[in-house]
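S.K.: Chains as they are written, first to last, in this note's numbering: chain A, 20 to 233; chain B, 20 to 233; chain C, 20 to 233; chain D, 20 to 233.
Can you keep this structure in mind? I'll have questions shortly.
Protein chains: 4
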Amino acid sequence: MAGAGEMMSNTEREMNTDRHRGRPRNEAHDEAILDATLELVAQVGIAGLTVDAVAHLAGVGKATIYRRWNSKEALLLDAWNTCLTISDVPDTGSLRGDMEALFAAKDLKMPAETMKRIFPQLIAAAKVNPDVGDTYKAFVEQRRLPMRMVLERAIDRGELQRTIDLALVQDLLVAPFFYRSFISDGPTDSTVVAQLLDIVLAGLDALSRTPANT
Amino acid sequence: MAGAGEMMSNTEREMNTDRHRGRPRNEAHDEAILDATLELVAQVGIAGLTVDAVAHLAGVGKATIYRRWNSKEALLLDAWNTCLTISDVPDTGSLRGDMEALFAAKDLKMPAETMKRIFPQLIAAAKVNPDVGDTYKAFVEQRRLPMRMVLERAIDRGELQRTIDLALVQDLLVAPFFYRSFISDGPTDSTVVAQLLDIVLAGLDALSRTPANT
Amino acid sequence: MAGAGEMMSNTEREMNTDRHRGRPRNEAHDEAILDATLELVAQVGIAGLTVDAVAHLAGVGKATIYRRWNSKEALLLDAWNTCLTISDVPDTGSLRGDMEALFAAKDLKMPAETMKRIFPQLIAAAKVNPDVGDTYKAFVEQRRLPMRMVLERAIDRGELQRTIDLALVQDLLVAPFFYRSFISDGPTDSTVVAQLLDIVLAGLDALSRTPANT
Amino acid sequence: MAGAGEMMSNTEREMNTDRHRGRPRNEAHDEAILDATLELVAQVGIAGLTVDAVAHLAGVGKATIYRRWNSKEALLLDAWNTCLTISDVPDTGSLRGDMEALFAAKDLKMPAETMKRIFPQLIAAAKVNPDVGDTYKAFVEQRRLPMRMVLERAIDRGELQRTIDLALVQDLLVAPFFYRSFISDGPTDSTVVAQLLDIVLAGLDALSRTPANT
DNA sequence: CGTTAAGCGAGACGGTACGTCGTGTCTTTGT
DNA sequence: ACAAAGACACGACGTACCGTCTCGCTTAACG
Numbered sequence: 020m021a022g023a024g025e026m027m028s029n030t031e032r033e034m035n036t037d038r039h040r041g042r043p044r045n046e047a048h049d050e051a052i053l054d055a056t057l058e059l060v061a062q063v064g065i066a067g068l069t070v071d072a073v074a075h076l077a078g079v080g081k082a083t084i085y086r087r088w089n090s091k092e093a094l095l096l097d098a099w100n101t102c103l104t105i106s107d108v109p110d111t112g113s114l115r116g117d118m119e120a121l122f123a124a125k126d127l128k129m130p131a132e133t134m135k136r137i138f139p140q141l142i143a144a145a146k147v148n149p150d151v152g153d154t155y156k157a158f159v160e161q162r163r164l165p166m167r168m169v170l171e172r173a174i175d176r177g178e179l180q181r182t183i184d185l186a187l188v189q190d191l192l193v194a195p196f197f198y199r200s201f202i203s204d205g206p207t208d209s210t211v212v213a214q215l216l217d218i219v220l221a222g223l224d225a226l227s228r229t230p231a232n233t
Numbered sequence: 020m021a022g023a024g025e026m027m028s029n030t031e032r033e034m035n036t037d038r039h040r041g042r043p044r045n046e047a048h049d050e051a052i053l054d055a056t057l058e059l060v061a062q063v064g065i066a067g068l069t070v071d072a073v074a075h076l077a078g079v080g081k082a083t084i085y086r087r088w089n090s091k092e093a094l095l096l097d098a099w100n101t102c103l104t105i106s107d108v109p110d111t112g113s114l115r116g117d118m119e120a121l122f123a124a125k126d127l128k129m130p131a132e133t134m135k136r137i138f139p140q141l142i143a144a145a146k147v148n149p150d151v152g153d154t155y156k157a158f159v160e161q162r163r164l165p166m167r168m169v170l171e172r173a174i175d176r177g178e179l180q181r182t183i184d185l186a187l188v189q190d191l192l193v194a195p196f197f198y199r200s201f202i203s204d205g206p207t208d209s210t211v212v213a214q215l216l217d218i219v220l221a222g223l224d225a226l227s228r229t230p231a232n233t
Numbered sequence: 020m021a022g023a024g025e026m027m028s029n030t031e032r033e034m035n036t037d038r039h040r041g042r043p044r045n046e047a048h049d050e051a052i053l054d055a056t057l058e059l060v061a062q063v064g065i066a067g068l069t070v071d072a073v074a075h076l077a078g079v080g081k082a083t084i085y086r087r088w089n090s091k092e093a094l095l096l097d098a099w100n101t102c103l104t105i106s107d108v109p110d111t112g113s114l115r116g117d118m119e120a121l122f123a124a125k126d127l128k129m130p131a132e133t134m135k136r137i138f139p140q141l142i143a144a145a146k147v148n149p150d151v152g153d154t155y156k157a158f159v160e161q162r163r164l165p166m167r168m169v170l171e172r173a174i175d176r177g178e179l180q181r182t183i184d185l186a187l188v189q190d191l192l193v194a195p196f197f198y199r200s201f202i203s204d205g206p207t208d209s210t211v212v213a214q215l216l217d218i219v220l221a222g223l224d225a226l227s228r229t230p231a232n233t
Numbered sequence: 020m021a022g023a024g025e026m027m028s029n030t031e032r033e034m035n036t037d038r039h040r041g042r043p044r045n046e047a048h049d050e051a052i053l054d055a056t057l058e059l060v061a062q063v064g065i066a067g068l069t070v071d072a073v074a075h076l077a078g079v080g081k082a083t084i085y086r087r088w089n090s091k092e093a094l095l096l097d098a099w100n101t102c103l104t105i106s107d108v109p110d111t112g113s114l115r116g117d118m119e120a121l122f123a124a125k126d127l128k129m130p131a132e133t134m135k136r137i138f139p140q141l142i143a144a145a146k147v148n149p150d151v152g153d154t155y156k157a158f159v160e161q162r163r164l165p166m167r168m169v170l171e172r173a174i175d176r177g178e179l180q181r182t183i184d185l186a187l188v189q190d191l192l193v194a195p196f197f198y199r200s201f202i203s204d205g206p207t208d209s210t211v212v213a214q215l216l217d218i219v220l221a222g223l224d225a226l227s228r229t230p231a232n233t
């Protein structure tokens with residue numbers, strides 16, 4: 020039907036400087052559509068999401084959506100991308116302080132409860148649709164970066180051994196929160212953060228004193 | 020809406036001892052339908068799954084499916100439930116040994132790769148559909164039981180403090196595997212199990228020696 | 020699928036004198052089923068008629084119906100047949116007297132209003148289903164016989180010319196009642212019968228006095 | 020249920036002059052659907068009629084049918100309405116001439132054989148469904164109008180007595196044709212028309228000469 | 001400053017799947 | 001064996017959504 024590059028993201032399209040003839044697109048609609056999409060995904064899930072509902076909630080026509088994204092999946096993909104906000108990397112002087120700052124950071128565009136509903140839909144879609152999978156991987160990678168930097172700085176400070184498996188430590192610290200958010204709905208407040216840090220940091224410290232026997 | 024006992028699983032129904040009048044349901048169909056469902060989910064994914072296709076592959080009528088499950092989601096849910104096999108609770112004499120036995124247990128009916136695709140679909144559906152959510156909770160609860168018993172036995176043995184937050188410890192041990200399976204696709208082999216146990220058990224041991232200062 | 024004679028009516032079956040083994044059929048059910056069928060046809064029409072509803076109204080199982088009739092059409096056919104009652108052929112000594120006696124005869128099993136609803140269903144079905152059509156033709160033929168005998172006797176008496184088109188005369192006398200019963204819902208009382216006989220008999224009489232110029 | 024204007028016929032809808040927004044309906048589809056409906060009703064009867072078959076034969080989607088008519092019955096009703104063509108009222112100068120002209124008029128859209136199959140279905144449906152019944156009554160009323168005007172003109176001319184029961188005379192002339200068309204499949208050609216007029220007109224003439232003794 | 005190309009809301013369109021219901025058959029248990 | 005109950009394969013029902021396609025506007029940029 021059409022050549023490659025048919026489907027470009029909004030950011031890419033904005034780069035396009037050659038002026039079109041005719042009425043220009045209303046850029047405000049893009050955000051309205053994406054917001055409506057996320058809102059509805061949180062409410063009814065990806066399976067229950069209908070383009071008609073998105074169009075109605077965003078106050079636009081269905082064709083206006085399909086003019087911008089050529090499938091429901093492409094729309095979802097772009098919508099999920101907007102959930103990502105770059106969080107600052109804190110530097111409190113200690114690993115523990117940095118960690119608490121990271122966990123305390125509110126770096127999500129949507130309310131936490133909404134994210135708890137949206138994120139599993141994204142994970143599920145990523146397992147089935149390769150395109151969504153790619154976007155998902157980039158999303159996760161970017162989200163993990165700040166904590167990785169914090170951990171590397173802790174190594175530089177000497178708080179952690181240089182031989183440590185950084186990815187495992189990060190998963191050990193992060194996974195319980197994902198687990199409780201998405202799988203068991205357990206508590207994830209600051210008390211839990213403190214207990215978690217107690218155990219893991221104590222464990223790492225204890226292991227650094229004994230000869231590596233792994 | 021979710022009337023009590025409205026939707027009972029097959030195992031529950033078999034318990035029903037009061038004999039029904041009329042032709043009994045062909046129990047063989049239950050398995051045929053569930054197998055066809057899992058087969059098709061693996062082939063075409065959740066989105067591409069149609070009840071008609073399940074009926075055709077299982078060699079039954081569509082009504083026969085809806086007589087047993089009142090929605091496609093309920094069917095998927097039960098299909099997923101068949102993935103669960105009750106794992107024995109090991110008793111090797113030590114917490115570490117029990118843990119390694121638990122993680123080594125191959126208690127899934129489906130290949131791991133298939134489960135990695137199916138499980139996120141279940142989680143996503145659970146966030147959106149209350150009925151699925153209930154079954155999901157029961158599913159998770161049952162899966163968590165063996166490890167909880169192992170941990171409680173460790174307390175009895177004196178390997179863990181009686182004041183410990185058992186749920187948190189369990190999440191700490193389990194979450195990284197869920198995380199790597201469903202979120203980051205990281206390794207989950209026995210080496211990782213060993214490292215994980217090293218850190219967490221060392222941390223718990225270290226904390227038990229110091230007065231609680233949290 | 021099966022040989023001829025597969026479908027025998029109840030009346031035929033009753034002739035069967037060889038005693039069956041096992042529990043004999045409850046003959047009372049036949050009537051209950053046929054009555055329920057006619058009742059429902061009058062209420063919801065042939066299109067809205069369901070065998071389940073007949074079974075429920077008759078207080079029998081669906082299989083009990085299919086054991087006696089092998090299709091919904093066969094059941095309807097037999098039900099309609101029970102509407103027919105052989106009416107005596109009156110002999111009052113004059114054509115007019117015989118006619119008035121015929122029209123006055125209440126020879127229908129069901130109330131007239133019910134018949135007005137049932138009969139059109141039968142006609143409609145006869146146009147579409149050849150089997151129903153055959154039964155319908157026999158039904159009509161039998162119903163027409165008494166009046167035909169009355170008319171022939173009138174010819175013998177010399178009240179009507181022997182060259183007359185008997186079928187046309189009969190249609191001329193009968194049709195208006197069918198028309199008003201099934202098509203226009205007009206009156207069909209004894210006054211109308213008298214007026215009708217006045218016109219038609221006077222017309223036939225007048226034509227018999229003039230040389231046939233048709 | 021039968022809300023006013025809820026279900027308006029096509030002719031009514033065309034009157035609506037306020038321009039709709041959105042893509043207008045393809046008017047050609049209306050006729051294609053109605054034609055397909057009549058065709059199929061004639062072939063398989065009202066009971067065997069399926070909306071899918073209509074959609075397929077008309078070359079449209081099922082939703083396109085349900086967008087116009089909210090049930091299979093409503094569709095049938097409108098389809099039957101299209102069978103009606105307003106016939107001109109002839110004026111040949113004599114009652115007999117007018118009558119022969121009326122009976123000779125080919126004012127039906129469909130072939131006679133098709134109508135003979137369709138009409139009984141309509142009658143049957145009218146007995147059961149009040150909505151269909153109303154349309155049916157209007158249909159019949161409109162069809163009867165031309166002959167009524169012819170008869171009234173005959174009264175003005177003095178060919179018929181002013182005291183005559185007009186409805187009865189009309190039924191007497193019309194009913195035999197309905198009867199033979201729908202009930203007994205007898206002949207309805209011009210010879211029959213002549214014989215019928217001979218008898219009835221002679222009868223009316225004879226009665227007008229004698230004092231009313233009914 | 002009018003032409004013109006595109007955007008826009010609305011909604012019709014052919015398809016496809018949904019979940020329900022009825023048919024005619026089959027299979028149990030109860031009598 | 002018959003009867004009531006109800007499971008079964010099949011297929012039509014009427015609804016909903018997809019992605020596409022007109023409609024009759026509106027809105028800039030170009031000529």
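All C-beta atoms in this analysis are idealised placements derived from N, C-alpha and C, irrespective of residue type, glycine included.
Flag B/Tyr198 as yes if its beta-carbon sits less than 9 angstroms from any beta-carbon of chain A, otherwise no.
M.R.: Indexing the second sequence from 1 puts residue 198 of chain B at position 179. Yes, because at least one Cβ of chain A sits closer than 9 angstroms to the Cβ of B/Tyr198.
S.K.: Whose Cβ in chain D lies nearer than 8 angstroms to the Cβ of C/Arg136?
M.R.: Translated into positions along the third sequence, residue 136 of chain C becomes position 117. The answer, in chain order, is Lys146 and Val147.
S.K.: Would DSSP call D/Leu103 helix, strand or coil?
M.R.: Taking the fourth sequence and counting its residues from 1, the one referred to as residue 103 of chain D is at position 84. Reduced to three states, the DSSP call for D/Leu103 is strand.
S.K.: Report the neighbours of C/Phe158 on chain D: residues whose CB is nearer than 7 angstroms to its CB, in chain order.
M.R.: Numbered from 1 along the third sequence, position 139 holds the residue referred to as residue 158 of chain C. Neighbours of C/Phe158 on chain D: none; closest Cβ ~11 angstroms, over 7 angstroms.
S.K.: Which value, in whole angstroms, describes the spacing of the CA atoms of B/Met118 and B/Val169?
M.R.: Mapped onto the second sequence, residue 118 of chain B falls at position 99. Mapped onto the second sequence, residue 169 of chain B falls at position 150. Going by the C-alpha atoms only, they are around 8 angstroms apart.
S.K.: Let me know the secondary structure DSSP gives A/Gly64 once reduced to three states.
M.R.: Taking the first residue of the first sequence as position 1, residue 64 of chain A is located at position 45. Note: A/Gly64 maps to helix in three-state DSSP.
S.K.: Using only alpha-carbon positions, find the residue among A/Ala82, A/Val63 and A/Ala55 that is nearest to D/Arg42.
M.R.: Stepping through the fourth sequence from its first residue, residue 42 of chain D is reached at position 23. The shortest C-alpha separation from D/Arg42 is found at A/Ala82.
S.K.: Taking A/Gly167 as the reference, give the member of A/Gly152, A/Asp184 and A/Val151 with the closest Cα.
M.R.: In the first sequence, the residue the question calls residue 167 of chain A occupies position 148. According to the sequence provided, residue 167 of chain A is Arg. The question's Gly does not apply to it. Measuring from the Cα of A/Arg167, the nearest candidate turns out to be A/Asp184.
S.K.: For C/Gly152, I'd like the list of residues in its chain whose CB is within less than 6 angstroms of its CB, leaving aside the five on either flank, ordered along the chain.
M.R.: Numbered from 1 along the third sequence, position 133 holds the residue referred to as residue 152 of chain C. Once the five neighbours on either side are set aside, the close Cβ partners of C/Gly152 are Ala145.
S.K.: The alpha helix (DSSP H) spanning A/Gly41 covers which residue range?
M.R.: Locating residue 41 of chain A in the first sequence gives position 22, counting from the first residue. No alpha helix (DSSP H) holds A/Gly41; DSSP gives it neither H nor E.
S.K.: Mapping DSSP to helix, strand and coil, what is C/Asp37?
M.R.: One-based indexing of the third sequence puts residue 37 of chain C at position 18. Model confidence at C/Asp37 stands at a pLDDT of 46, short of 50, so the residue's coordinates are unreliable and nothing is read from them.
S.K.: Which residues, in chain order, does the stretch 65 to 80 of chain C contribute to contact with chain D at a C-beta distance below 8 angstroms?
M.R.: Ile65, Ala66 and Gly67
S.K.: Using only CA atoms, which one of D/Ala143, D/Leu179 and D/Ala120 lies nearest to D/Ala213?
M.R.: Within the fourth sequence, numbered from 1, the residue matching residue 213 of chain D stands at position 194. In terms of CA proximity to D/Ala213, D/Ala120 leads the group D/Ala143, D/Leu179 and D/Ala120.
S.K.: Determine the DSSP secondary structure at D/Ala124, reduced to helix, strand or coil.
M.R.: In the fourth sequence, residue 124 of chain D corresponds to position 105, counting from 1. Here D/Ala124 sits in coil by DSSP.
S.K.: Which value, in whole angstroms, describes the spacing of the CA atoms of B/Ala55 and B/Phe138?
M.R.: Indexing the second sequence from 1 puts residue 55 of chain B at position 36. Indexing the second sequence from 1 puts residue 138 of chain B at position 119. Cα to Cα, B/Ala55 sits roughly 17 angstroms from B/Phe138.
S.K.: Less than 8 angstroms between C-beta atoms, sequence neighbours within five positions excluded: which residues of the same chain meet that for C/Val60?
M.R.: Position 41 of the third sequence, counted from the first residue, corresponds to residue 60 of chain C. Beyond the five residues adjoining it in sequence on each side, C/Val60 comes within less than 8 angstroms, by CB distance, of Leu68, Leu95, Ala98, Arg136, Ile137 and Gln140 in the same chain, given in chain order.
S.K.: For the candidate residues B/Thr229, B/Leu223, B/Gly78 and B/Ile174, whose alpha-carbon lies nearest to that of B/Ala51?
M.R.: Residue mapping note: residue 51 of chain B aligns to position 32 of the second sequence, counting from 1. For B/Ala51, the nearest C-alpha among the options comes from B/Gly78.
S.K.: Which residue marks the beginning of the alpha helix (DSSP H) containing B/Asp204, and which one marks its end?
M.R.: Along the second sequence, read from residue 1 onward, the residue named residue 204 of chain B stands at position 185. Element bounds for B/Asp204: n/a, residue is neither H nor E.
S.K.: When the distance is taken between beta carbons, is B/Gly64 closer than 9 angstroms to A/Val147?
M.R.: Walking along the first sequence from the start, residue 147 of chain A turns up at place 128. Walking along the second sequence from the start, residue 64 of chain B turns up at place 45. Against a cut-off of 9 angstroms, the Cβ pair of B/Gly64 and A/Val147 comes out as a contact.
S.K.: Would you please verify whether the beta carbon of C/Pro195 is less than 9 angstroms from any beta carbon of chain D?
M.R.: Within the third sequence, numbered from 1, the residue matching residue 195 of chain C stands at position 176. Yes, contact with chain D.
S.K.: Around the Cβ of B/Arg181, are there at least 16 other Cβ atoms within 10 angstroms (buried) or fewer (exposed)?
M.R.: To locate residue 181 of chain B, count along the second sequence from 1; it is residue 162. By the neighbour-count rule (16 or more Cβ atoms within 10 Å), B/Arg181 is not buried but exposed.
S.K.: Which class does D/Ile142 belong to by DSSP, given the choice of helix, strand or coil?
M.R.: The residue you call residue 142 of chain D lines up with position 123 of the fourth sequence. D/Ile142: helix per DSSP, three-state reduction.
S.K.: With respect to the alpha helix (DSSP H) encompassing C/Gln161, which residues constitute its N-terminal and C-terminal limits?
M.R.: As a working note, residue 161 of chain C is residue 142 in the third sequence. Looking at the DSSP string, the run of the alpha helix (DSSP H) that includes C/Gln161 is Pro149 to Arg176.
S.K.: Considering Cα atoms alone, identify which of A/Val188, A/Thr104, A/Leu76 and A/Gln189 is closest to A/Met134.
M.R.: For the purposes of this step, residue 134 of chain A is taken as the residue at position 115 of the first sequence. Among A/Val188, A/Thr104, A/Leu76 and A/Gln189, the Cα nearest to that of A/Met134 belongs to A/Thr104.
S.K.: Is B/Ala225 close to chain A? Criterion is C-beta to C-beta, closer than 9 angstroms.
M.R.: Here residue 225 of chain B refers to the residue found at position 206 when the second sequence is read from its first residue. Yes, contact with chain A.
S.K.: Less than 6 angstroms between C-beta atoms, sequence neighbours within five positions excluded: which residues of the same chain meet that for B/Phe196?
M.R.: By 1-based counting over the second sequence, the position of residue 196 of chain B is 177. Result list for B/Phe196: Thr207, in chain order.
S.K.: Round the Cβ separation of A/Leu220 and A/Arg115 to the nearest angstrom and send it over; I've been treating them as touching at under 8 angstroms.
M.R.: Counting from one through the first sequence, the residue named residue 220 of chain A turns up at place 201. Counting from one through the first sequence, the residue named residue 115 of chain A turns up at place 96. So it is a contact: roughly 7 angstroms between Cβ atoms.
S.K.: Quick one: using the 10 Å Cβ neighbour count with 16 as the cut-off for buried, is B/Gly222 buried or exposed?
M.R.: Sequence index remark: in the second sequence, residue 222 of chain B carries index 203 (1-based). Looking at its Cβ environment, which holds 16 or more other Cβ atoms inside 10 Å, B/Gly222 is buried.
S.K.: Quick one: is B/Glu92 buried, meaning 16 or more other Cβ sit within 10 Å of its Cβ, or exposed?
M.R.: What you label residue 92 of chain B is simply residue 73 of the second sequence in a count that begins at 1. B/Glu92 is buried by the Cβ-count criterion.
S.K.: What does the Cβ neighbour count give for D/Thr154, buried or exposed, with the cut at 16 atoms within 10 Å?
M.R.: By 1-based counting over the fourth sequence, the position of residue 154 of chain D is 135. So D/Thr154 ends up on the buried side.
S.K.: What did DSSP end up calling C/Gly22 once you bin it into helix, strand or coil?
M.R.: Here residue 22 of chain C is taken as the residue at index 3 of the third sequence, counted from 1. Low confidence applies here, because C/Gly22 scores a pLDDT of 35, under 50, leaving its location unreliable; read the following figure in that light. Looking at C/Gly22 - three-state DSSP - the assignment turns out to be coil, as it is neither helix nor strand.
S.K.: Among the residues of its own chain, which have a CB less than 6 angstroms from the CB of B/Phe201, if the five just before and after it don't count?
M.R.: As a working mapping, residue 201 of chain B is identified with position 182 in the second sequence. Pro139.
S.K.: Against D/Asp184, what residues of chain C qualify as contacts under a CB-to-CB distance less than 9 angstroms, listed in chain order?
M.R.: Taking the first residue of the fourth sequence as position 1, residue 184 of chain D is located at position 165. Here the neighbours are Val211 and Gln214.
S.K.: Chain D partners of C/Pro139, CB-CB under 7 angstroms?
M.R.: Taking the first residue of the third sequence as position 1, residue 139 of chain C is located at position 120. Ordered by position in chain D, the residues that pass the 7 angstroms Cβ test against C/Pro139 are Pro139, Ile142, Ala143 and Lys146.
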